[in-house]
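Notes to accompany the following structure.
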Amino acid sequence: MTITSGVRRYGSLAAVLASTTAVVVGLCGPASAATGGFDYRDLNVEGLTRALIDPPAGKCIPLLAPARQMDNQTDVVVQLFSNATCGSRISVLQPDMTTTTGPLVAAVVFNG
Numbered sequence: 030m031t032i033t034s035g036v037r038r039y040g041s042l043a044a045v046l047a048s049t050t051a052v053v054v055g056l057c058g059p060a061s062a063a064t065g066g067f068d069y070r071d072l073n074v075e076g077l078t079r080a081l082i083d084p085p086a087g088k089c090i091p092l093l094a095p096a097r098q099m100d101n102q103t104d105v106v107v108q109l110f111s112n113a114t115c116g117s118r119i120s121v122l123q124p125d126m127t128t129t130t131g132p133l134v135a136a137v138v139f140n141g
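This is how it looks when you write it as structure tokens:
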């Protein structure tokens, strides 16, 4: 093998690695979001309904007030938690479903 052919081989290998890296990095986009709305009844204010519109997926979202009634009009499953740090899961709520829970819900995570 001559020096020139060795350089060509390593140059080709470098080009393949660079192309592969570019493809993999291109596939890693920003976190997705749920599409639609998630409504919940605020227990601190009589009759007030709050909403999260197109919430980010995979992020713990503390609710502004504890909730017992929720309506998931997003396109993803929502995990319901009894504390604001998403440490104690109560239940899950499927898309296009409404629920009333016994324990108060303090935070949610939208699966993406």
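Quick note: to get our numbering, add 29 to the position in the sequence shown (first position is 1).
Beta carbons are placed, not taken as given, at the ideal position from N, Cα and C, and that holds for glycine.
Item: Please classify THR103 as buried or exposed, where buried requires at least 16 neighbouring CB atoms within 10 angstroms.; Value: buried
Item: Which residue from VAL106, VAL74 and ILE82 puts its Cα closest to that of PRO95?; Value: VAL74
Item: Please identify the residue among SER117, VAL107 and ASP68 whose C-alpha is closest to the C-alpha of GLY76.; Value: ASP68
Item: Apart from the five residues on each side of it in sequence, which residues of its chain come closer than 8 angstroms, Cβ to Cβ, to ASP125?; Value: ASN101 and GLN102
Item: Go ahead and label ALA135 buried or exposed: buried means 16 or more other beta carbons lie within 10 angstroms of its beta carbon, across all protein chains shown.; Value: buried
Item: How should GLY131 be labelled, buried or exposed, when 16 other C-beta atoms within 10 angstroms of its C-beta is the threshold for buried?; Value: exposed
Item: Which one or two residues does DSSP pair with ILE90 in a beta bridge?; Value: VAL137
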